[in-house]
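The next block holds one structure in the form of structure tokens; read it before the comments.
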Amino acid sequence: MLSKQRWRAASLHGLISVLVAAGAAALVFGMWFPGAYRHMAGGVGLFTLIVGVDVVLGPLLTLVAFNPRKTRRHLAMDLAVIALLQLAALAYGLFTVAQVRPVALAAENRLFRVVAAQDIKPDERHLAPAGLQVGWRGPRLVGVRAVAAGDERLDAITWALKGYDVGTRPSFWQDYAQTRARVLTQAPTLTQMFTAQLGHHAELDAAVRATGLAPDALRVLPVQARQPDWYVLLDARDASVRGFVRVEGLEAPK
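In terms of the working numbering, the sequence shown opens at residue 5 and continues consecutively.
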């Protein structure tokens, strides 16, 4: 009888934990890591680890601590402590995920960079142009202006060596429309880059079909992200982002 009551309490706690985790997942994957970003930025693995531990931890502690022979006050205190520990773990986990959430997809020189919140040069966060400020509703598509010669170039090199490439520095951001022409001149067509793979690579073929465009109407550039081997598919007419694909072991044409 005692064992059944413990399992019932642990099961109820588990159900509540799953519902809370589902709400957290809606926030994380619906807003912070939309679409392919959940894979490119490593959101799935990190969230699964953190929430998985949290969902298992609470019910297990309830299974151990629950005893109907305890006084109601004692039992309530035990369960309250467990709930607080679980909520604290979840809050810390969400804080950690928030630090690595992608806040920008920056069009740098010959590549796109997925910029996480923690990648932003701290003293430049407020320097983002109007409409391109770091936010909480998913990554913004931003252009990256050319580095001026002289002191600015030296400064850019110095900070890049410290881990802050120009794409992570809001002072270099600009409206993507100002970068489209450069992107189109730098991006090879999809057929140029992946001639041998088209028609023989399931993920690539599916990604192309999802764009609704023919391979010759798409251009491609690599994406620098936490997970390697990602590419952005661009409309050859205006450099608009039409999708992403992961293709391992491929090299851009020389």
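We put the CB at the ideal spot given by N, CA and C, even for glycine.
When only Cα atoms are considered, ALA40 and GLY34 end up about 11 Å apart. Taking a contact as a CB-CB distance under 8 Å, the pair THR195 and ASP220 counts as one, their CB atoms being some 6 Å apart.
When rounded, the separation of the alpha-carbon atoms in GLU128 and ALA243 is 27 Å.
Fewer than three beta-carbon pairs drawn from the segment 86-98 and the segment 118-128 are found closer than 8 Å, and the two stretches are therefore not classed as touching. Counting only residues of its own chain and dropping the five nearest sequence neighbours on each side, GLN231 has a CB closer than 7 Å to the CB of HIS43, MET44, GLY46. In this structure, the straight-line span from the alpha carbon of TYR180 to that of ARG117 is close to 13 Å. In this structure, ALA214 lies near GLY247, with their beta-carbon atoms less than 8 Å apart. Ranked by Cα distance from SER15, the first of THR183, VAL32, VAL59, PRO143 is VAL59. Residue range 116-120 is occupied by the beta strand (DSSP E) that includes PHE116, with no alpha helix (DSSP H) assigned at that position. Only residues of its own chain outside the window of five on either side were considered, and among them ALA45, GLN103, VAL104, ARG105, PRO106, VAL107, ARG230 have a CB closer than 8 Å to the CB of ALA120, listed in chain order. In the pairwise beta carbon analysis, the segment 139-149 is classified as touching the segment 171-189: at least three pairs are separated by under 8 Å.
Beta bridge pairing from DSSP links VAL212 with no other residue. Straight-line measurement puts the Cα of LEU165 at about 36 Å from the Cα of ALA28. The alpha-carbon of GLY18 is positioned some 41 Å away from that of VAL245. Distance from the Cα of ALA211 is smallest, within the candidate group GLN228, LEU238, ALA25, for LEU238.
Distance from GLU112 to ASP169 at the Cβ level is roughly 7 Å; contact confirmed, criterion being Cβ atoms closer than 8 Å. Nearest Cα to LEU53 within the set GLN122, THR100, ALA200: THR100. The DSSP-derived three-state label of GLY62 is helix. Residue state for PRO219 is assigned as helix, using DSSP reduced to three classes.
DSSP places GLY147 inside the beta strand (DSSP E), whose first and last residues are 144-148. Comparing C-alpha distances from THR193 to each of HIS205, ILE20, LEU31, TYR235 shows the shortest one belongs to TYR235.
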